[in-house]
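The next block holds one structure in the form of structure tokens; read it before the comments.
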């Protein structure tokens, strides 16, 4: 039996569930982890993407083309080789343990391939993990992320970095159940729309020009009218309106806004099906989970030390004595104050920054969501309430 400290080394195994699940998985079910089939979702390297757009070029011509676009071909090739070396090491480690393994990329990744596998592994970084999570529609399907290049990617959602250097050991621990499950809530989205409107899922691929992706349907293997969408009861509104559940779940966040980033988003918003509906104009809404609370929404909401210092400067202009009466002693790090370059005010600002920014972070298992209004337009007609 392993001690807690040993379990903690591999406690980043990800176990996903729906945001509003109607039932939980029992401890007996969680303890049964004997996968026979494993699906590996492999990221496409930057070199792969460059090569796919220049299929008519030989290697030397491709390198020249990459250089013209401002990239270092030697660096791209080195990262490409590092990624695939770890990918095949992961595949071989799983096969050595008797698992049947299939490898797919983003173009071949589908609900059918997920249903085939007992467990889904992602080989890449956080982006690959998020893509992998989006098509896992059942809460009993585990997903485990391997960071294939920790020197380039943080891989916050993946297993610890030591697992990349010790793939076989990590697989040994996983398959011998020396780990802890981690629940991460996700967001499902329903859209009420005209029955005559055909909804199209067309996520933009950052590795392709926008004019190429805007007309592509990358999720064509999970159409909105497929049976895989019918996960929850979906009620039709009167007349010509109907409600559609999108066939993907968001692990980090959902962004709602105008398709063009240059356009202002005009919308009505209510929270928890409340009767109060607020009219807003902004650059859009970001609705995040606990997992996403450390990601995009955190970057939007956080305060920097320079901003807090500016506020103190303004307060002191109004009342020069505001920082007297022991206020500076609160939150003071005595070890830092010993440094002649660090003042009590610096320590107080650092403490306020840490407390404020931490206040937006919540547990990935928590069922609550946090919403953020981006760049709200606040005038006599449009007011906003940025509570979450």
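Numbering (the numbering used here), first residue to last: 4 to 391. Quick reminder that beta carbons are idealized off the backbone N, C-alpha and C, glycines included.
Assigned exposure category for residue i - 16 Cβ within 10 Å defines buried
| i | result |
| --- | --- |
| residue 279 | exposed |
| residue 48 | buried |
| residue 223 | At residue 223, the pLDDT of 43 sits below 50, so the modelled position is not reliable and the matter cannot be decided from this model. |
| residue 237 | Below a pLDDT of 50, predicted positions are generally treated as unreliable, and residue 237, at 46, falls in that range; the measurement from the model is reported next regardless. So residue 237 ends up on the exposed side. |
| residue 253 | buried |
| residue 225 | With a pLDDT of only 45 at residue 225, under 50, the local geometry of the prediction cannot be trusted, and the value read off the model is given with reservation. By the neighbour-count rule (16 or more Cβ atoms within 10 Å), residue 225 is buried. |
| residue 124 | buried |
| residue 200 | exposed |
| residue 298 | buried |
| residue 321 | exposed |
| residue 114 | buried |
| residue 302 | exposed |
| residue 39 | exposed |
| residue 94 | buried |
| residue 357 | exposed |
| residue 145 | buried |
Coarse secondary structure for residue i, derived from DSSP in three states
| i | result |
| --- | --- |
| residue 284 | strand |
| residue 139 | coil |
| residue 167 | helix |
| residue 277 | coil |
| residue 145 | strand |
| residue 116 | helix |
| residue 269 | strand |
| residue 150 | strand |
| residue 127 | strand |
| residue 376 | strand |
| residue 76 | helix |
| residue 161 | coil |
| residue 217 | Because residue 217 sits at a pLDDT of 37, beneath the cut-off of 50, its placement in the model cannot be relied upon, and the following sentence gives the value as read from the coordinates. Coil at residue 217, not helix or strand. |
| residue 96 | helix |
| residue 178 | helix |
| residue 300 | helix |
| residue 363 | coil |
| residue 68 | helix |
| residue 263 | coil |
| residue 49 | helix |
| residue 314 | helix |
| residue 36 | coil |
| residue 324 | coil |
CB-CB length for residue i against residue j, believed under 8 Å
| i | j | result |
| --- | --- | --- |
| residue 249 | residue 192 | 5 Å |
| residue 360 | residue 306 | 7 Å |
| residue 44 | residue 135 | 5 Å |
| residue 42 | residue 105 | 5 Å |
| residue 128 | residue 245 | Between residue 245 and residue 128 the Cβ distance is about 38 Å, and since that is not below 8 Å, they are no contact. |
| residue 267 | residue 261 | 7 Å |
Opposing strand residues paired with residue i [DSSP bridges]
| i | result |
| --- | --- |
| residue 244 | 197 |
| residue 107 | 44 |
| residue 349 | Bridge partners of residue 349: none, in fact. |
| residue 399 | Residue 399 falls outside the range modelled here, since the chain spans only 4 to 391, and no answer is possible. |
| residue 256 | 291 |
| residue 392 | The structure shown does not extend to residue 392, since the chain is modelled only from 4 to 391, so the question has no answer here. |
| residue 122 | 41 |
beta-carbon residue i near the ligand GDP non-hydrogen atom, thresh 7 Å
| i | result |
| --- | --- |
| residue 72 | Annotation note on the ligand GDP: not contained in the displayed structure, which lists no ligands. |
How do the region 151–162 and the region 62–80 stand: do at least 3 beta-carbon pairs fall below 8 Å, yes or no? no
Are the region 345–353 and the region 164–174 touching by the rule of at least three beta carbon pairs closer than 8 Å? no
Counting Cβ pairs closer than 8 Å, one from the region 365–373 and one from the region 308–322, do we hit at least three? no
Is there contact between the region 254–273 and the region 182–191, where contact requires at least three CB pairs shorter than 8 Å? yes
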